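Numbering (UniProt numbering), first residue to last: 1 to 72.
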Amino acid sequence: METYTLLRAFADSWHLLFMFCFFIGVFLYILRPSGKKVHRDTANMIFRNDDKPAAPDNRERQARHADLREAK
Numbered sequence: 001m002e003t004y005t006l007l008r009a010f011a012d013s014w015h016l017l018f019m020f021c022f023f024i025g026v027f028l029y030i031l032r033p034s035g036k037k038v039h040r041d042t043a044n045m046i047f048r049n050d051d052k053p054a055a056p057d058n059r060e061r062q063a064r065h066a067d068l069r070e071a072k
């Protein structure tokens with residue numbers, strides 16, 4: 001049997017089954033109940049500073065970046 005034929009037969013049967021099981025496993029891992037908090041935090045990350053201004057350390061960092069921009 002040629003190498004191509006052997007690899008083709010493997011890819012058509014076992015590798016396809018492996019990839020399908022891997023996909024289902026990743027899908028179930030994402031939807032697990034204990035990951036709900038992580039997904040909620042990630043989804044709301046961009047809204048963290050909407051209710052109040054950024055923390056003072058962020059203002060200092062922004063000022064330093066502005067000084068660096070002026071120096072260029």
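The beta-carbon is built from N, C-alpha and C at its ideal position, and this holds for glycine as well. Please read all numbers here as calculations on a predicted model, not as lab measurements.
DSSP state of residue i, grouped into three classes?
| i | result |
| --- | --- |
| Asp-41 | helix |
| Asp-50 | coil |
| Met-19 | helix |
| Leu-31 | coil |
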